[in-house]
Structures are given as C-alpha cells and as structure tokens.
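Residue numbers (the numbering used here): 19 to 351.
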C-alpha cells in the first residue's frame, strides 16, 4: 500500500501483518513450509527458541496448535517492554511447555536437551531454529521476493530502489534478496540491524543465501545461479540498533508513533527500528520508490493473568506491576 508520507508518493508498505487473520507477520511465510514439513515427517511436537517476548515463538505456538502440534520453547531474557510482556504472557498460554535459560549462549544446548527429553518420552519432535531461519524457512521469503517482483511488473507497485526489513536472524533479508535476484530485479534489500553483529552479519547472510540456493537447485535444477548477486543486493544498516537488542530508541519510538497515524502497527524491538531507517532513507533522493516491509503481526493475543516467577524474571528491569507468581511450573494453566 502507498504511505501518505511526504509529497513524492514514492513510499510504500508491504503488509505482511495481513498474512494470517489469526496471527500474521513475516513468520507465517516461513511456518507455512516448516510446519508442513513437520506434518510430512509425522512429528507431533515442535521445539523452538527465542527471547522472552519473541514474535517468532508466539507465531510457532499459535500456528502449530492449529495443526494439532504442541510447541515447547526455550526462552532467554530481554529488556522489559509492554509488547514483550504481552507476548510472553501469550506464549505461556499458547505453548505446551516453556523452558527459561539464563544466557543466549545456552540456547542451543537447551534445545537439544529438550529434543532428547521428548524423544525419551516417545514423542516425535521437530526442531525449528530461532527465527525459523533455516534454508527451508528462508524459501518462504524467496517466494516473497518473487511475489514482489510480480507486483512490480504488473504495475501494482512502482519500480523500487530499496526494501527495508529488520535484520534479526536474517531469514527475511536473505530470502527476499535471493528471490529478487532470481527474478532479475535490481532492488536493494536494506537489512536494519536489531540484533548484535555476532548474530547476523554479511557472512551469515551470504552463507544462508548460498545454502538456500543449493537446496532450491537440488529440488529444481532450473533455479537460477544467483546466490552471489543476491548477497550483493543486501546492505546492512547498523545505525538504528541503539544500546542493543530490544532496547528502545527515541528514533524507533517516534517511528512507531508516526506509523500508527497511517494505520500501521509497529513495536520497538524490530519493526519500528526498520521503519526509522526507512524514514531516514526517505529524505535522500533516489531513482525509484522505497518500500517498508511490515514484518510485525500487529496484533496482541490473550495471555495468562499472572506469570510464573522464573519466566517473569526473563524480562529485565520490569516494573513492579508485573507481580511474578512464585511457581515451579512453566506451563500455561
């Protein structure tokens, strides 16, 4: 949709918050493939991980439940925000089990341990990496790149110079770049850093693009050899990270408020930082229009009334109103 910002008419928004009436956002494109694979492999439980207020974990729990798959999640700490608290409450209600870990570095071991426990119980677990950014998950955004190319060629969207997306686990940016390169588009993907450099960087994106391209060519040898070109389409913007992951910035807050005036809902961990980058870029002259890719679900889901203490403690610097409950259970009531 066009954004009524400025006088040039060259600012657009891609509404992935509308990918599902239940709970949308960019994760739906990945989960369409990942959860189908889980069913094809006759799995009965999904194991994934993320921060305490993870949009990804919540999306997995919600959409897996619709397919009668349980979700068990490993969660790590993050700074408190209203959105993170709402998400955590909804995760606890939607997931079958939640395991807190004290450090991000412990996530991988905790996930493998959880898989082992479930296997020992006779369950059939399916592992979804944080953010769903495996090659199969990334294919969902390769298709999104093709979709955008078709819309440009059909005249639904004008020729684009840039597409702005958050850079979290990297799957959205990698998939879009590969899809656009395969469709022979010259649009640059501006990946706005919201996680530390160690989590997502040019090397990580290049490797993810290459692995996804290899998988696609193994399935369809006619898929173009365009991995190097796709990697060259990505520009990482690190100007909006601020003090770190999930730490709100003034620019993100202002961007969120401005977007709300145009009926676009954002949050300050991912999407508002990407929109802040988009607004800065919009002030620079360029050939072609610019597009902001709305990755946020833009919807709050009901959650538990009171959080167990060990989960409430994952939200650092939380206000007293959180009132964690002393409990050894991490399951939803």
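Even glycine gets a Cβ: it sits at the ideal position worked out from N, Cα and C.
Determine the burial state of residue 116: buried for a count of at least 16 other Cβ atoms within 10 Å of its Cβ, exposed for fewer.
buried
Just list the residues that DSSP pairs residue 96 with in beta bridges.
333
The stretch 273–293 / the stretch 46–63 touching (three or more Cβ pairs under 8 Å)
no
Which whole-angstrom value is the C-beta distance of residue 226 and residue 188, which I expect to be below 8 Å?
6 Å
Pop quiz: residue 109 and residue 79 are said to be a contact at Cβ under 8 Å. What is the actual Cβ separation, rounded to whole angstroms?
6 Å
What is the C-beta distance between residue 224 and residue 99, in whole angstroms, given that I count them as a contact (C-beta under 8 Å)?
Contact doesn't hold; Cβ gap of about 32 Å is too wide.
If you count every other CB in all the chains shown that lies within 10 Å of the CB of residue 38, and 16 or more means buried, which is it?
buried
Tell me whether residue 158 is buried or exposed, calling it buried when 16 or more other Cβ atoms sit within 10 Å of its Cβ.
buried
To the nearest angstrom, how far is the alpha carbon of residue 201 from that of residue 34?
20 Å
What first and last residue would you give for the beta strand (DSSP E) that runs through residue 307?
307–312
Mind checking residue 90: buried by the 16 CB within 10 Å criterion, or exposed?
buried
Would the stretch 131–142 and the stretch 150–167 be scored as touching if the rule is three or more Cβ pairs under 8 Å?
no
As assigned by DSSP and simplified to three states, the class of residue 208:
strand
Measure from the alpha carbon of residue 144 to the alpha carbon of each residue in 82, 19, 192, 186, then state which is nearest.
82
Assess, as a yes-or-no matter, whether the stretch 198–216 is touched by the stretch 157–173 under the definition of 3 or more beta carbon pairs within less than 8 Å.
yes
Collapsed DSSP secondary structure at residue 286 in the structure displayed
coil
How would you label residue 173, buried or exposed, when you count the other beta carbons within 10 angstroms and need 16 or more for buried?
exposed
Between residue 248 and the rest of its own chain, which residues show a CB-CB distance below 6 Å, the 5 nearest in sequence each way excluded?
195, 196, 199, 227
Counting Cβ pairs, one atom from each stretch, are 3 or more of them under 8 Å apart for the stretch 205–220 and the stretch 39–58?
no
Residue 342 by DSSP, collapsed to three states: which one?
Residue confidence is low: residue 342 scores 44 on pLDDT, short of 50, so the model does not pin down where it sits. Its coordinate-derived value is still stated next. In this structure, residue 342 counts as coil in the three-state DSSP scheme.
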